[in-house]
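Participant:
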Amino acid sequence: MSIRRELKLREWREAVREFERIISLIEDILKKRVDPFTVDISELLEKMRLLLEKYGDEVLLMDMEALSRIVDLIKEQEEWVQNESLVLGMGPLFALARLRQMSLEEIAEKFCEVWNPIAYRDQMMVSTVLRALDYLDAVRRLPKTLTGVESVDFRLSEETLSNLGLLSEEAFREKLSEFSRKVERLLGEESSIDYWDLVLDDTFEKSLENMILLSYLCSRGEVSLKVNPLTDEIKVVKPGSRGDRFSLALPFNYNIWVRRIAEKKKNRREG
Numbered sequence: 036m037s038i039r040r041e042l043k044l045r046e047w048r049e050a051v052r053e054f055e056r057i058i059s060l061i062e063d064i065l066k067k068r069v070d071p072f073t074v075d076i077s078e079l080l081e082k083m084r085l086l087l088e089k090y091g092d093e094v095l096l097m098d099m100e101a102l103s104r105i106v107d108l109i110k111e112q113e114e115w116v117q118n119e120s121l122v123l124g125m126g127p128l129f130a131l132a133r134l135r136q137m138s139l140e141e142i143a144e145k146f147c148e149v150w151n152p153i154a155y156r157d158q159m160m161v162s163t164v165l166r167a168l169d170y171l172d173a174v175r176r177l178p179k180t181l182t183g184v185e186s187v188d189f190r191l192s193e194e195t196l197s198n199l200g201l202l203s204e205e206a207f208r209e210k211l212s213e214f215s216r217k218v219e220r221l222l223g224e225e226s227s228i229d230y231w232d233l234v235l236d237d238t239f240e241k242s243l244e245n246m247i248l249l250s251y252l253c254s255r256g257e258v259s260l261k262v263n264p265l266t267d268e269i270k271v272v273k274p275g276s277r278g279d280r281f282s283l284a285l286p287f288n289y290n291i292w293v294r295r296i297a298e299k300k301k302n303r304r305e306g
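In this note's numbering, the protein residues as written are 36 to 306.
Below is the structure:
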């Protein structure tokens with residue numbers, strides 16, 4: 036036997052073993068019923084194509100057998116997807132039924148088993164724990180439901196504004212006077228003004244400035260804010276009785292400004 040023929044025979048045997056590995060891999064997956072998507076079918080087909088192009092009829096039977104196993108694997112993938120879809124659909128129902136059968140103690144026990152707290156005991160001091168307990172006790176005493184609205188006032192000093200470098204004292208007084216006249220005029224026409232309609236402007240900087248000016252008017256008692264805790268609606272109203280004061284933190288950044296402006300334009304179009 037010539038050396039060339041012997042080399043060709045070795046290559047052919049290696050090609051046959053490659054087909055056998057492909058067939059064995061697929062049969063193993065089908066037999067064990069594991070995830071059929073762990074195999075890249077496109078990669079297997081590419082290997083088979085190259086072997087078939089190189090050896091032709093010599094590996095045709097092996098290629099057909101491997102292709103038949105790939106068809107079986109594709110069917111298995113289809114069944115797998117159907118079963119997984121069924122589990123995803125029925126899973127919540129089974130979980131709900133199981134919860135209804137469990138006692139409160141069992142639910143608490145399961146919760147503790149899977150609970151991964153973001154803060155651990157060794158990360159906190161005793162004073163921090165006591166402060167957290169005080170907070171939880173205060174929350175427990177709050178009413179279950181909120182009714183009506185509450186007046187909320189702001190406090191902001193001229194010194195604070197100056198330290199922030201937002202406005203000089205003279206410029207601040209001028210802008211405050213101008214803004215005060217605007218609010219007074221609007222409240223003369225309406226009993227209340229929507230907070231965001233009043234402070235939002237064409238630029239983020241101007242909107243932030245309006246919020247500061249309005250908070251200062253609130254601190255001077257010229258206007259008040261009424262907040263509906265059920266709808267989160269904030270109204271600017273004429274000053275009422277001097278009752279309890281509350282602090283109100285309103286988060287505001289560029290992203291919030293963009294979202295509020297978009298909502299405002301949408302409401303105008305729908306209106």
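Heads up, the beta-carbon is just placed ideally off N, CA and C, and yes, glycines get one too.
Determine the contact status of Lys270 and Ser215, defining contact as a CB-CB distance below 8 Å.
Facilitator: By 1-based counting over the sequence shown, the position of residue 270 is 235. By 1-based counting over the sequence shown, the position of residue 215 is 180. Going by C-beta atoms, Lys270 is not nearer than 8 Å to Ser215.
Participant: Below 8 Å on the Cβ atoms is my guess for Leu60 versus Glu111; work out the distance and round it to an integer in Å.
Facilitator: By 1-based counting over the sequence shown, the position of residue 60 is 25. By 1-based counting over the sequence shown, the position of residue 111 is 76. Not really, about 13 Å apart at Cβ, beyond 8 Å.
Participant: Taking just the CA atoms, how far does Gln117 sit from Phe54?
Facilitator: Translated into positions along the sequence shown, residue 54 becomes position 19. Translated into positions along the sequence shown, residue 117 becomes position 82. Roughly 29 Å between the two C-alpha positions.
Participant: Where Leu165 and Glu140 are concerned, what is the direct C-alpha to C-alpha distance, given to the nearest angstrom?
Facilitator: Here residue 165 refers to the residue found at position 130 when the sequence shown is read from its first residue. Here residue 140 refers to the residue found at position 105 when the sequence shown is read from its first residue. Going from the Cα of Leu165 to the Cα of Glu140 covers about 26 Å.
Participant: Using a threshold of 8 Å, state whether the C-beta atoms of Val258 and Leu252 are closer than that.
Facilitator: Working through the sequence shown from its first residue, we reach residue 258 at position 223. Working through the sequence shown from its first residue, we reach residue 252 at position 217. Cβ distance < 8 Å, so Val258 and Leu252 count as in contact.
Participant: Roughly how many angstroms lie between the CA atoms of Arg294 and Asn288, to the nearest whole one?
Facilitator: Position 259 of the sequence shown holds residue 294. Position 253 of the sequence shown holds residue 288. Their backbone Cα atoms lie some 10 Å apart in a straight line.
Participant: Alpha carbons only, please: which of Met246, Ala284 and Asp237 is nearest the one belonging to Ala297?
Facilitator: Residue numbering aside, residue 297 sits at position 262 when the sequence shown is read from its first letter. Of the candidates Met246, Ala284 and Asp237, the one whose C-alpha sits nearest the C-alpha of Ala297 is Asp237.
Participant: DSSP three-state call for Lys273: helix, strand or coil?
Facilitator: Residue numbering aside, residue 273 sits at position 238 when the sequence shown is read from its first letter. It is coil, neither helix nor strand.
Participant: Whose CA, out of Glu305, Glu240 and Leu221, lies closest to the CA of Val272?
Facilitator: On the sequence shown, residue 272 is found 237 positions in, with the first residue counted as 1. When only C-alpha atoms are compared, the closest one is Leu221.
Participant: When we look at the beta-carbon of Val234 and count the other beta-carbons within 10 Å, is it buried (16 or more) or exposed?
Facilitator: On the sequence shown, position 199 is the one that residue 234 refers to. Under this definition Val234 is a buried residue.
Participant: Give the straight-line distance between the Cα atoms of Asn263 and Leu108, rounded to the nearest whole angstrom.
Facilitator: As a first step, residue 263 must be located in the sequence shown, where it is residue number 228. As a first step, residue 108 must be located in the sequence shown, where it is residue number 73. Taking the straight line from one Cα to the other gives about 60 Å.
Participant: How would you label Val106, buried or exposed, when you count the other beta carbons within 10 angstroms and need 16 or more for buried?
Facilitator: On the sequence shown, residue 106 is found 71 positions in, with the first residue counted as 1. Exposed: under 16 other Cβ atoms inside 10 Å.
Participant: Between Ile58, Ile247 and Val74, which lies nearest to Arg208 when the distance is taken from Cα to Cα?
Facilitator: Here residue 208 refers to the residue found at position 173 of the sequence shown. When only C-alpha atoms are compared, the closest one is Ile247.
Participant: Which residues mark the beginning and the end of the alpha helix (DSSP H) in which Val262 is found?
Facilitator: In the sequence shown, counting from the first residue as 1, residue 262 sits at position 227. First-last for Val262: Ser259 to Asn263, but that is the beta strand (DSSP E), not the alpha helix (DSSP H).
Participant: Spatial neighbours of Leu87 within its chain, please: C-beta separation below 6 Å, excluding the five flanking residues on both sides.
Facilitator: As a first step, residue 87 must be located in the sequence shown, where it is residue number 52. Asp98, listed in sequence order.
Participant: Drop a sphere of 10 angstroms on the beta-carbon of Arg48, count the other beta-carbons inside from all chains shown, and report buried for 16 or more, exposed for fewer.
Facilitator: In the sequence shown, the residue the question calls residue 48 occupies position 13. Per the 10 Å Cβ criterion, exposed.
Participant: By Cβ distance below 7 Å, which residues in the same chain neighbour Ala101 in space, the five residues on each side in sequence not counted?
Facilitator: Counting from one through the sequence shown, the residue named residue 101 turns up at place 66. For Ala101, where only same-chain residues beyond five positions count, the Cβ hits under 7 Å are Phe54, Ile57, Ile58 and Met83.
Participant: Using the beta-carbon count (16 or more within 10 Å), is Trp150 buried or exposed?
Facilitator: Mapped onto the sequence shown, residue 150 falls at position 115. Under this definition Trp150 is an exposed residue.
Participant: What is the DSSP secondary structure of Ser138, reduced to helix, strand or coil?
Facilitator: The residue labelled residue 138 in the question sits at position 103 within the sequence shown. In this structure, Ser138 counts as coil in the three-state DSSP scheme.
Participant: Determine which residues share a DSSP beta bridge with Glu62 and list them.
Facilitator: Reading the sequence shown from its first residue, position 27 is the one you call residue 62. Looking at the DSSP assignment, Glu62 forms no beta bridge with any residue, so it has no partner.
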